[in-house]
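Its first residue numbered 3, the sequence shown is counted upward by one per residue in the working numbering.
All C-beta atoms, glycine included, are put in the ideal place defined by N, C-alpha and C.
Below is one structure; the comments refer to it alone.
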Amino acid sequence: MNREKAHSPAQPRQTTSPHKVVIFGGGLAGLAAAQALSSHGIAVELHEARLRLGGRASSFVDQTTGEVIDNCQHVAMGCCTNFFHFCEQADLSHQFQQLDSLLFIDEQGQQSRLQNGFWPAPFHLTGSFLRLKYFNWSERSEIIRGLRKLIRTTEYTRSFQDWLNEARQSSHVQRDFWQVVLVSALSESLDRIQYSTARQVFVQGFLSHRHAWKVSLPKVPLQELYGEQLLEHLRQQGVQIRLSSRLKEFRINVDQVNRAILANGEEVTADAYLLALPWHTLSRLFSNEATSPSFVKQAEQLESAPISSVHLWFDRPVTEEPHAVLLGRISQWIFNRSAIQQIETPERHYYQVVISQSRELAKWTQEKLVNQVLEEITALWPETSHARLVHSRVVREHQ
Numbered sequence: 003m004n005r006e007k008a009h010s011p012a013q014p015r016q017t018t019s020p021h022k023v024v025i026f027g028g029g030l031a032g033l034a035a036a037q038a039l040s041s042h043g044i045a046v047e048l049h050e051a052r053l054r055l056g057g058r059a060s061s062f063v064d065q066t067t068g069e070v071i072d073n074c075q076h077v078a079m080g081c082c083t084n085f086f087h088f089c090e091q092a093d094l095s096h097q098f099q100q101l102d103s104l105l106f107i108d109e110q111g112q113q114s115r116l117q118n119g120f121w122p123a124p125f126h127l128t129g130s131f132l133r134l135k136y137f138n139w140s141e142r143s144e145i146i147r148g149l150r151k152l153i154r155t156t157e158y159t160r161s162f163q164d165w166l167n168e169a170r171q172s173s174h175v176q177r178d179f180w181q182v183v184l185v186s187a188l189s190e191s192l193d194r195i196q197y198s199t200a201r202q203v204f205v206q207g208f209l210s211h212r213h214a215w216k217v218s219l220p221k222v223p224l225q226e227l228y229g230e231q232l233l234e235h236l237r238q239q240g241v242q243i244r245l246s247s248r249l250k251e252f253r254i255n256v257d258q259v260n261r262a263i264l265a266n267g268e269e270v271t272a273d274a275y276l277l278a279l280p281w282h283t284l285s286r287l288f289s290n291e292a293t294s295p296s297f298v299k300q301a302e303q304l305e306s307a308p309i310s311s312v313h314l315w316f317d318r319p320v321t322e323e324p325h326a327v328l329l330g331r332i333s334q335w336i337f338n339r340s341a342i343q344q345i346e347t348p349e350r351h352y353y354q355v356v357i358s359q360s361r362e363l364a365k366w367t368q369e370k371l372v373n374q375v376l377e378e379i380t381a382l383w384p385e386t387s388h389a390r391l392v393h394s395r396v397v398r399e400h401q
């Protein structure tokens, strides 16, 4: 991991601080909040309904192989400075592997790599963009013009799809450049993405500095990453952590929360309460609709963006590449988990295929999806046809 990018987050303005904050939710948001608040001398009590921390960043034991596997491959980009600062504070930085290039493979099997050139930001990736084999020279110039316009256009009120059309980005460029990046980052289609959000991904995530785009992968299962070491770190900072502690509801008095009621009937009080829970759970926390905060109604309008991951174990390696971005296919990313985690089991070689924004696959059976993925992998790496599929499973998540 390149520590140049892990700047400390901006310090908040000085205001009157609460003496005690209760956080509900032990996912990454709740954990980061606990770390930040406790480092400023605030008493923090964190409640998590499950028996473990990490939230959606979770793992489980695959009963067939006995391996601990993640629900889905999680990655972090260099632009995620607050996240990397959190990891450094918790001494987790050594658990990540940073990629210095990204491999893209098109429908014909042509390979292109995204990597830094000699120029400073925002021009450091220009050479890579101009060498993308699956675009002709006219399309490469189109991409450069689009990026320049994106930097200059700070506001736009319609969808990113509309902006791309107005910027005269061809359907091929939209599908194999803009969409490839955004569907992975946001798990949404171009017509459902706000312009400001898409612009943030490209400007902050690729153009702001030379390390912004670099992807880091956890080298250990997520339950280990957010497990005992992090638990002990937070406790040493004075954070009280209560697992298997579920919030039932809030009690409101004159537009303010005056106490929280847990599922076991216990009452919890604090100077401030921080919710780091899934949006769809909020409405049940406020029994009186008339006194519910406005954000509860707003949260009810949110929709989930499903992600599917296909876990495959073969009796031999099918590719030595640690990762690849796949274009024009159902499969979008493939990760060589055996290589990333340095798992040495000669009889099993573990790969994970990730498919973001997978609404259309909701009705597919596991068998159909696995067969489709196998067909696509075999087209790229023919040696797959000689390998025996030892085990497979599909995990579907709603982000």
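Only counting the same chain, and skipping five residues up and downstream in sequence, which positions put a Cβ closer than 7 angstroms to that of residue i?
i    : result
F208 : L127, A214, W215
T321 : N338, W383
W165 : Y158, Y197
R103 : Correcting the residue identity first, residue 103 is Ser in this sequence and not Arg. Closer than 7 angstroms at Cβ, skipping near neighbours: R115, L116, Q117.
L30  : G57, A59
A265 : R248, K250
V392 : W315, F316, D317, R350
I243 : L48, L233, L236, R237
Taking 8 angstroms as the CB-CB cut-off, is residue i touching chain D?
i   : result
E69 : Of the chains in the structure shown, none is chain D; there is only one protein chain.
Residue i: buried (16+ other C-beta within 10 angstroms of its C-beta) or exposed?
i    : result
D72  : buried
Q176 : buried
T347 : exposed
F88  : buried
A389 : buried
I345 : exposed
F316 : buried
S173 : exposed
R201 : buried
G267 : exposed
T367 : exposed
A169 : buried
Relative to the ligand NAP, is the shortest distance from any of its heavy atoms to the C-beta of residue i smaller than 7 angstroms?
i   : result
I44 : Absence of the ligand NAP is noted for the structure shown, with no ligands found whatsoever.
Using the three-state DSSP reduction, which class does residue i fall into: helix, strand or coil?
i    : result
A78  : strand
S306 : coil
L152 : helix
G129 : helix
Q113 : strand
I332 : coil
G56  : strand
W139 : helix
V241 : coil
F120 : coil
A38  : helix
Q100 : strand
E50  : strand
Among residues of its own chain, excluding the 5 on either side of residue i, which ones have a beta-carbon nearer than 8 angstroms to its beta-carbon?
i    : result
S61  : V70, I71, D72, N73, P223, L224, Q225, E226
D178 : D108, Y136, F137, L329, G330
According to the Cβ coordinates, are residue i and residue j closer than 8 angstroms?
i    : j    : result
H351 : R398 : no
A123 : S247 : no
Y136 : Q112 : yes
L33  : L55  : yes
L279 : G27  : yes
Q359 : S41  : no
R142 : F131 : yes
E378 : I309 : no
L284 : A36  : no
I336 : Y353 : yes
Q97  : P295 : no
Starting from the C-beta of residue i, find all residues in its chain whose C-beta is less than 6 angstroms away, skip the five residues before and the five after it, and write them out in chain order.
i    : result
V24  : E47, V270, A272, Y275
N118 : H126, R212
V63  : V70
V355 : V312, S333, I336, V375
- Query: Which whole runs of the alpha helix (DSSP H) in the segment 161-236 are 4 residues long or more, in chain order?
  - Reply: 162-168, 181-188, 197-204, 224-227
- Every unbroken beta strand (DSSP E) within the segment 335-385, with a cutoff of 3 residues, ordered by chain: 335-338, 351-358
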